Each structure stands twice: as structure tokens, then as C-alpha cells.
Amino acid sequence: MSILVAQVFRPDVRHGAALKGCATALAIVASLSFVACNRGGTTTSGRPRVAFVLKTLNSPFFNDMQRGAEDAAKKLGVDLVVQAADREIDVERQMQIIENLLQTGINALCLTPSGSREVVPAVVKANRANIPVVIVDTRLDPAASSEAGAKIASFTGSDNYEGGRIAGRFITSASGGRAKVAVLEGIPGHETGDSRLRGFRDAVKDTPDVQIVASQTANWERDQGFNVFQNMLQAHPDVDTVFACNDMMALGAIEAIRAAGKSGKIRVVGFDAVDDARKAIEDGTMAASVAQFPDEMGRVAVENAVHALRGEAVPPDVRVRIELVTKK
Amino acid sequence: MLTAASQARRQAEGQARGQTGIQARAGLRFRGAGRRFGTLAGLVGLCLLLWILTPHFLTVANALNVMEQTSINAIVAVGMTYVIVSGGIDLSVGSLLALSGVVLAEALKSGWPAPFAVAASFGVGAAAGLANGLGIALGRLPPFIMTLGMMSVARGAALLVTDGRPVSGFSSGFRSLATGHVLGVPSPIVFTLAIYAAAALVLSRTRFGRYVYGIGGNEEATRLSGVEVRFHKTIVYGVSGLTSAIAALLLTARLNSAQPIAGINYELDAIAATVIGGTSLTGGEGSLGGTIVGALIMGVLRNGLNLLGVSSFLQQLVIGAVIIAAVLVDLMLKEKRG
Numbered sequence: 052m053s054i055l056v057a058q059v060f061r062p063d064v065r066h067g068a069a070l071k072g073c074a075t076a077l078a079i080v081a082s083l084s085f086v087a088c089n090r091g092g093t094t095t096s097g098r099p100r101v102a103f104v105l106k107t108l109n110s111p112f113f114n115d116m117q118r119g120a121e122d123a124a125k126k127l128g129v130d131l132v133v134q135a136a137d138r139e140i141d142v143e144r145q146m147q148i149i150e151n152l153l154q155t156g157i158n159a160l161c162l163t164p165s166g167s168r169e170v171v172p173a174v175v176k177a178n179r180a181n182i183p184v185v186i187v188d189t190r191l192d193p194a195a196s197s198e199a200g201a202k203i204a205s206f207t208g209s210d211n212y213e214g215g216r217i218a219g220r221f222i223t224s225a226s227g228g229r230a231k232v233a234v235l236e237g238i239p240g241h242e243t244g245d246s247r248l249r250g251f252r253d254a255v256k257d258t259p260d261v262q263i264v265a266s267q268t269a270n271w272e273r274d275q276g277f278n279v280f281q282n283m284l285q286a287h288p289d290v291d292t293v294f295a296c297n298d299m300m301a302l303g304a305i306e307a308i309r310a311a312g313k314s315g316k317i318r319v320v321g322f323d324a325v326d327d328a329r330k331a332i333e334d335g336t337m338a339a340s341v342a343q344f345p346d347e348m349g350r351v352a353v354e355n356a357v358h359a360l361r362g363e364a365v366p367p368d369v370r371v372r373i374e375l376v377t378k379k
Numbered sequence: 005m006l007t008a009a010s011q012a013r014r015q016a017e018g019q020a021r022g023q024t025g026i027q028a029r030a031g032l033r034f035r036g037a038g039r040r041f042g043t044l045a046g047l048v049g050l051c052l053l054l055w056i057l058t059p060h061f062l063t064v065a066n067a068l069n070v071m072e073q074t075s076i077n078a079i080v081a082v083g084m085t086y087v088i089v090s091g092g093i094d095l096s097v098g099s100l101l102a103l104s105g106v107v108l109a110e111a112l113k114s115g116w117p118a119p120f121a122v123a124a125s126f127g128v129g130a131a132a133g134l135a136n137g138l139g140i141a142l143g144r145l146p147p148f149i150m151t152l153g154m155m156s157v158a159r160g161a162a163l164l165v166t167d168g169r170p171v172s173g174f175s176s177g178f179r180s181l182a183t184g185h186v187l188g189v190p191s192p193i194v195f196t197l198a199i200y201a202a203a204a205l206v207l208s209r210t211r212f213g214r215y216v217y218g219i220g221g222n223e224e225a226t227r228l229s230g231v232e233v234r235f236h237k238t239i240v241y242g243v244s245g246l247t248s249a250i251a252a253l254l255l256t257a258r259l260n261s262a263q264p265i266a267g268i269n270y271e272l273d274a275i276a277a278t279v280i281g282g283t284s285l286t287g288g289e290g291s292l293g294g295t296i297v298g299a300l301i302m303g304v305l306r307n308g309l310n311l312l313g314v315s316s317f318l319q320q321l322v323i324g325a326v327i328i329a330a331v332l333v334d335l336m337l338k339e340k341r342g
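If you're matching them up, the sequences are chains A and B in order.
Quick note on numbering: the working numbering labels position 132 of the first sequence as 183, and the sequence is numbered without any gaps.
Quick note on numbering: the working numbering labels position 37 of the second sequence as 41, and the sequence is numbered without any gaps.
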């Protein structure tokens, strides 16, 4: 191959430009050869190939989901390709990834939508390629998908609304029905965060002394959770409870509480029960977190995808269990 | 007060500088062609390599797929090329894309006929771009600062207009702007080619285009040769706002949704495409032909890494390395030339 490259970009051509092309090409060759040696796991083995497109890979939640999916793939004897955009909110990139994977002739697609409406065109493309689509974690927008005629084989996820209610009930009982709550919301328009928030609000609305004094988005992120909650504390120094729609934002809020010297005085409830959150609960800096089981979601999704591609019946809607984690 | 003599001298001086400017430009254009060939060679090499590595790469369907995916970055990069050639930078393109996208979506949602909604969206994009230009040309703000401010202003405006939520669900007629085909070619590709043809013509064949190179190469000399630099600079940023709005139109139709958080980091992709394409960050040289090849290199690389099933983390590493390598080689060659 390097001979080929050398012939195509003869370095003796007069202007340096060809040299540049040559060097650029070599840089690309070098990095891709490195890549080619490192990929593994996606060889053409004649086994069915299942693609799992996550929202992101830099979150423990999705790492767990990936692990569950890989276990299931190994057991079922299928090849699994896991891909994700760099950023959780990058819907356009997620769509590109799906389009690109469809080019490789995958046999089934598991997808955690970065946008409930925006990925619908990509699901339609998968439908056209005649492969089963299993949606995981975040539901497609029903209106958008029925309008576009998008079809899915199955949905697997937690009942986020119920999770929000569990958190709300916990705060009501732990505070004795008297709390000033600051809420850290997820990205607006995300079905998961919206459902958690609705569940939470519904659970506390009948207890008049549990008041939501501030509610702002911190875009699912830890550093934003820190900053947003710090600002909330400025405006509402009497806040005694935080409900964050995910643990990342809750952990950010915990740091802000520490910085304000209020550790132990503010009750923090998160969502997802990631490892760091479980540690914080054991340390006593966090009161509770609603546990989801992303590894189970990943496992069930791959199983259903494989069943669907074999033409077997799959349950259209799988609710993975949720539970509240508190200090033992 | 200037005497007639000194005025005449200054004029002559200006003409003389203008003259050298033109000679220099002729040289640059020649070198520009060489550079373009260099970048093109890089693209061809990359394609050859992917063709060897995966059977899925070199198919008609995938080629169209890559070009379609590249179109949005490529269109944003048109305005970016104008701006960078003029010696500036525009960090606000991603936010302007989001703002013009949500303006378009809200207008469509409130029942405006599509042509009016599109005109309103283009108007907002171009106006925000012109505001950038005014701040830079009249207010003497560094382009980095002005467009950094606009990046936040436009993002905030987009979030305000929509209350932070995506606006979605449009008629199939509107969506076909991005999902339709012209003679079997996906329409985003047709749009992109048409925009590049027009924009390249303006940049290389019109007086305005020559002034853009002049301003980037030597702003003072260009001003002394009687060019209204401030006016032309302002227009350049207006063009960038407009191309962001055009990209927003395609993105909105493609996703059937306009998001106020769309376009984050798109300025970096556009800058990367422009610079890989051989446009100098110090201004005065570059071409749209190079930029489209730069955008394709990024698009092909992302596509190829997906096809190969490479880990998402490794993908970021490789893309970053290629950007650095391309620009590094470019700089080294420039030094060699003196």
C-alpha cells in the first residue's frame, strides 16, 4: 500500500503542494492503519451484525448500557457495533452515524435517540433498509413518527415518569412534608428529563409545604449543575432540597453546596444511581438516587433486536425496573 | 491639511502598492492552485485507503451519503472562507445557524408561506452577520471578540424565541428541500454545488472578490488604493450570516425540526474545512475549491471511521490529528517558499 501511495504522490513533483498532499495522505494512512489494527470485533464473520447507536459514550449510564449490550451480543453470537456522537445533544451527528452504519449493511439497529423527533427521519431510513429498529431509553415522539411512518420493533426503557414520582414521594416523606426545593432540569425537549420532571411535580403538588422555589436546566452536565445551583443558592439561600433530573447535575450541585459551606444541610436527590452517586450516598453527601438499570436495557434491547431480525415476535414495550437507592 | 502634492504622492503610492498587490495575488492564485491540488491529493489518498479497507466505502449510495452529510458544513464554510480570506474569523456561524433555523421554523409554524419564512430566516441570518461586520469595521472590534459576543447573543435569542425547545413538524413539501432528489442526486448536494459555483465566481471574478483578498492581504494598502474597506468588510460578514442561514434551511428540513441548541461547534468544523483547504488564517489567500475539498476530507474521514466501526473516542483523536497534520504541512511549505 505504501508503494501505491508513493506512486500516486510522486515527491519529485516541483511544487511543494504535492508534498503536502503526500504528507497529509501519509498522516491519514498512518492514523488509519493504526485504527485498522485497533478496531477488532467487527470482522466479517457471516454472523448477524447489530448496531447500537448511543447518545454518547462519555457517561457512565451509557457505558453500562454498552456493557449489557455486549454481554447479550456475546451470548447470542452476533457482532455488535457500538457508535455514538461526541456530544449527547448532537442529533445531526447521530443521524449521520446511522446513515453511515446503514451503508455497511447492518442487520438490526438499537438506538437511544438524542432527539425524540429529530432522529425520526433516520429511523425511516432504517425502515427502508428493511432492518428492525429497537428504541432504547428515550421514546420517539409519537406524532412525529406516525406522521413520517416510522416503525419500530420494540421499545426498552425505564418509566421515567414513575421514577420522578418516586423521587418526589421520597422528598415529601424525608422532609416531613416541608421543603424548599431547587430543581435541576435536563435539556428542554428531552423526553426523559421532561417525564422525570412531570412525575416529580405531580408527586409533590398535593403537599403545599413542599415548594419548588427554583427550576432551571443544567443541560445534564456536572459543571453546569455546579454553576446553576450556585446561582440558585444566591437567589434562594433558604433552599434545603435539590432534585436533579440526573446524577451528573446532582453531583455538580453537591460540589456547589460544599463550596458554599453548606454540606449536610441540603438534601440532594439525583437520578440514575451511577457509581459516583452511590459513593456520595454512602458518604452522606447525597440523600438518594433513583436507580435505573442501563445494563439491563442494553441487554434486553440487543436480545429483542436479534429476535426481531430472526422474525420472532418481540414485546413492543419493555419497562426495565427502577428503584430508589438510599444509604443502607 | 494635505497639500495637493502630498495627495498626489499618496495616490501614486497607493497605486504602486495596489500594483504589487495584484502581482502578489496572481502569484498566490497560482500557488493556490498548487495547494488545492495538494489537498485534493490528500482526499484521493484517503478515499483509496478506505476503498482498500472496507467494501462499503466506494459505492454510489455511500458517495452520495457522504456528500449529503458534508453539505451543511460545506455551506457554512463558504461564508467562513470569505471571512478568513478577508483576514477575519467568524465564531458565530453555529449560533446564527440555530437562530435562523428557529426563526424559519417558528414562521412556518405560524402559517407563513414557505418562501416568506425562508426570506425572513435568511434576513435574520444576514442581518446578524452584517451586525458582526459593523462592529468590526466601524466599531474596530477584533473579529474574534465581536463574533464571540454574537455567538452568545444569537444562541440566547434562539433559546428565547423557542423557550429552549425544538420546533418541529413541517409539510412534506418543505422537507423535500433536503430529502428530495434532482435527477437522482440528493438535493442538499445540488444546493451545495450551486452555492459553491456562485460564491467562487464572486470571489474570483468580481471586484468585490478581489477586494476581499486585498483586505486580507494588506488592509492598509487596499484602503490607500481607494477601496471602501469598511463597507466591504461588513458585507463579508453578512455573507457569512447568509450562508449559515442557508445551512439552517437544509438542516431544519433534514431533521424535520429546528433546535435552538443546533450548530454547537459548527464554527470549528467550518474553520477546519477552510484551513485544511489551504486558506491562510492570516488572510489574503485561499479558495473555495480548497474549502470544499477540506469539507469533504472531514466528511469522508467521519464516514469512513463509522464504516470501519472504529471506537468513537478514537475517531475524535484521528480527526484532530489529521487537522493538525494538514495545517502543519501547509505552514512548513509556506516557510520554505519564503
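Ideal Cβ placement from N, Cα and C applies to all residues, glycine included.
None of these values were measured; they are calculated from a predicted model.
Based on DSSP bridge pairs, tell me the residues matched to residue 205 (chain A).
The residue labelled residue 205 (chain A) in the question sits at position 154 within the first sequence. Beta-bridge analysis with DSSP links residue 205 (chain A) to A:185.
Output needed for residue 254 (chain B): all residues of its chain with C-beta closer than 8 angstroms, excluding positions within five of it in sequence on either side, in chain order.
For the purposes of this step, residue 254 (chain B) is taken as the residue at position 250 of the second sequence. For residue 254 (chain B), where only same-chain residues beyond five positions count, the Cβ hits under 8 angstroms are 75, 76, 79, 181, 182, 192, 195.
For residue 268 (chain B) and chain A, any beta-carbon pair shorter than 9 angstroms?
Sequence index remark: in the second sequence, residue 268 (chain B) carries index 264 (1-based). So, interface residue.
Helix, strand or coil for residue 338 (chain A)? Go by DSSP, reduced to three states.
Position 287 of the first sequence, counting from 1, holds the residue named residue 338 (chain A). Assigned with DSSP and collapsed to three states, residue 338 (chain A) falls in coil, not helix or strand.
Option in A:375, A:110, A:281 with minimal Cα separation from residue 311 (chain A)
Here residue 311 (chain A) is taken as the residue at index 260 of the first sequence, counted from 1. That would be A:281, whose Cα lies nearest to the Cα of residue 311 (chain A).
Proximity test, residue 310 (chain A) beta-carbon vs the ligand NAD heavy atom, cut-off 8 angstroms:
With respect to small molecules bound, the structure shown includes none, and the ligand NAD cannot be examined in it.
Excluding the 5 residues preceding and the 5 following residue 266 (chain B) in the sequence, name in chain order all residues of the same chain whose CB lies nearer than 7 angstroms to its CB.
Reading the second sequence from its first residue, position 262 is the one you call residue 266 (chain B). Closer than 7 angstroms at Cβ, skipping near neighbours: 101, 102, 105, 255.
State yes or no: is the C-beta of residue 223 (chain A) within less than 9 angstroms of the C-beta of residue 171 (chain A)?
Here residue 223 (chain A) corresponds to residue number 172 of the first sequence, with the count starting at 1. Here residue 171 (chain A) corresponds to residue number 120 of the first sequence, with the count starting at 1. In this structure, the beta-carbon distance from residue 223 (chain A) to residue 171 (chain A) does not fall below 9 angstroms.
Just checking my contact of residue 202 (chain A) with residue 291 (chain A) at CB under 8 angstroms: how many whole Å lie between their CB atoms?
To locate residue 202 (chain A), count along the first sequence from 1; it is residue 151. To locate residue 291 (chain A), count along the first sequence from 1; it is residue 240. With a Cβ gap of about 48 angstroms, residue 202 (chain A) and residue 291 (chain A) do not count as contacting.
Would you identify the three-state DSSP class for residue 325 (chain B), choosing helix, strand or coil?
Residue 325 (chain B) sits at position 321 when you count from the first residue of the second sequence. Residue 325 (chain B): helix per DSSP, three-state reduction.
Can you find a C-beta in chain A that's less than 9 angstroms from the C-beta of residue 79 (chain B)?
Along the second sequence, one-based indexing puts residue 79 (chain B) at 75. Closer than 9 angstroms: no.
Report yes if the CB atom of residue 204 (chain A) is closer than 9 angstroms to the CB atom of residue 167 (chain A), and no otherwise.
Indexing the first sequence from 1 puts residue 204 (chain A) at position 153. Indexing the first sequence from 1 puts residue 167 (chain A) at position 116. Contact: no.
Residue 378 (chain A), DSSP secondary structure in three states:
Here residue 378 (chain A) refers to the residue found at position 327 of the first sequence. Looking at residue 378 (chain A) - three-state DSSP - the assignment turns out to be coil, as it is neither helix nor strand.
Under a three-way DSSP split, which group does residue 172 (chain B) fall into?
What you label residue 172 (chain B) is simply residue 168 of the second sequence in a count that begins at 1. DSSP places residue 172 (chain B) in strand when its eight states are reduced to three.
Assigned secondary structure, residue 316 (chain A) (DSSP; H/G/I helix, E/B strand, else coil):
Start at 1 with the first residue of the first sequence, and residue 316 (chain A) comes out as number 265. When DSSP states are grouped into helix, strand and coil, residue 316 (chain A) belongs to the coil group.
Leaving aside the five residues before and after residue 378 (chain A) along the sequence, list all residues of the same chain whose C-beta is less than 6 angstroms from its C-beta, in chain order.
Counted from its first residue, the first sequence places residue 378 (chain A) at position 327. Taken in chain order, the residues that qualify are 332.
Determine, using beta carbons only, whether residue 258 (chain A) comes closer than 9 angstroms to chain B.
The residue you call residue 258 (chain A) lines up with position 207 of the first sequence. Chain B, which has no Cβ nearer than 9 angstroms to the Cβ of residue 258 (chain A), makes this no.
Coarse secondary structure for residue 263 (chain B), derived from DSSP in three states
Position 259 of the second sequence holds residue 263 (chain B). Correct three-state label for residue 263 (chain B): coil.
Spatial neighbours of residue 128 (chain A) within its chain, please: CB distance less than 8 angstroms, with the 5 preceding and 5 following residues excluded, ordered by chain position.
Walking along the first sequence from the start, residue 128 (chain A) turns up at place 77. Closer than 8 angstroms at Cβ, skipping near neighbours: 98.
Can you name the residues that DSSP bridges to residue 262 (chain A)?
As a position in the first sequence, residue 262 (chain A) is number 211, starting the count at 1. In the DSSP output, where bridge partners are listed per residue, residue 262 (chain A) has A:231.
What residue range does the beta strand (DSSP E) around residue 196 (chain B) cover?
Within the second sequence, numbered from 1, the residue matching residue 196 (chain B) stands at position 192. No beta strand (DSSP E) contains residue 196 (chain B), which is instead part of the alpha helix (DSSP H) from 191 to 209.
If you measure from the beta carbon of residue 317 (chain A) to each beta carbon in chain B, is any gap under 9 angstroms?
Mapped onto the first sequence, residue 317 (chain A) falls at position 266. Answer no: the Cβ-Cβ gap between residue 317 (chain A) and chain B never drops below 9 angstroms.
Assigned exposure category for residue 148 (chain B) - 16 Cβ within 10 Å defines buried:
Within the second sequence, the letter at position 144 stands for residue 148 (chain B). Classification of residue 148 (chain B): exposed, given that the 10 Å Cβ count is below 16.
Contacts that residue 60 (chain B) makes with chain A (C-beta to C-beta distance below 8 angstroms):
Here residue 60 (chain B) refers to the residue found at position 56 of the second sequence. For residue 60 (chain B), the neighbours in chain A by C-beta distance under 8 angstroms run, in chain order, 154, 155, 156.
Please state whether the Cβ-Cβ distance between residue 219 (chain A) and residue 322 (chain A) is less than 9 angstroms.
Along the first sequence, one-based indexing puts residue 219 (chain A) at 168. Along the first sequence, one-based indexing puts residue 322 (chain A) at 271. Between residue 219 (chain A) and residue 322 (chain A), the CB-CB gap reaches or exceeds 9 angstroms.
Could you give the distance in angstroms between the alpha-carbon of residue 357 (chain A) and the alpha-carbon of residue 208 (chain A)?
Counting from 1 along the first sequence, the entry for residue 357 (chain A) is found at position 306. Counting from 1 along the first sequence, the entry for residue 208 (chain A) is found at position 157. Approximately 17 angstroms between the Cα atoms of the pair.
Let's test the definition: count the other Cβ atoms within 10 Å of the Cβ of residue 60 (chain B) and tell me whether it reaches 16, buried, or not, exposed.
By 1-based counting over the second sequence, the position of residue 60 (chain B) is 56. The C-beta of residue 60 (chain B) has 16 or more other C-beta atoms within 10 Å across all chains shown, which makes the residue buried.
Between residue 278 (chain B) and chain A, is there a C-beta pair that is closer than 9 angstroms?
Counting from one through the second sequence, the residue named residue 278 (chain B) turns up at place 274. No - not a single Cβ of chain A is within 9 angstroms of the one on residue 278 (chain B).
Where residue 111 (chain A) and residue 273 (chain A) are concerned, what is the direct C-alpha to C-alpha distance, given to the nearest angstrom?
As a first step, residue 111 (chain A) is located in the first sequence; it is residue number 60 there, counting from the start. As a first step, residue 273 (chain A) is located in the first sequence; it is residue number 222 there, counting from the start. The straight-line gap from Cα to Cα measures roughly 13 angstroms.
Alpha carbon to alpha carbon, what distance is there between residue 150 (chain A) and residue 176 (chain A)?
For the purposes of this step, residue 176 (chain A) is taken as the residue at position 125 of the first sequence. For the purposes of this step, residue 150 (chain A) is taken as the residue at position 99 of the first sequence. A straight-line Cα-Cα distance of about 8 angstroms links residue 176 (chain A) and residue 150 (chain A).
Can you give me the start and stop residues for the alpha helix (DSSP H) that residue 253 (chain A) sits inside?
One-based indexing of the first sequence puts residue 253 (chain A) at position 202. In the DSSP assignment, residue 253 (chain A) falls within the alpha helix (DSSP H) that extends over 242 to 255.
Chain A residues whose Cβ lies nearer than 8 angstroms to that of residue 265 (chain B)
By 1-based counting over the second sequence, the position of residue 265 (chain B) is 261. The contacting residues are 140, 238.
Taking the straight line between their C-alpha atoms, what separation do you get for residue 296 (chain B) and residue 275 (chain B)?
Indexing the second sequence from 1 puts residue 296 (chain B) at position 292. Indexing the second sequence from 1 puts residue 275 (chain B) at position 271. Their Cα atoms are separated by approximately 12 angstroms.
How is residue 294 (chain A) classed by DSSP in three states: helix, strand or coil?
Numbered from 1 along the first sequence, position 243 holds the residue referred to as residue 294 (chain A). In the three-state reduction of the DSSP assignment, residue 294 (chain A) falls in the strand class, which pools E and B.
With 8 angstroms as the limit, tell me which residues of the segment 179 to 196 of chain A have their beta carbon closer than that to any beta carbon of chain E; keep them in chain order.
Absent here is chain E; the protein component of the structure consists of chains A and B.
So which residues of chain A does residue 65 (chain B) contact, with C-beta pairs closer than 8 angstroms?
One-based indexing of the second sequence puts residue 65 (chain B) at position 61. Residues of chain A passing the Cβ test: 154.
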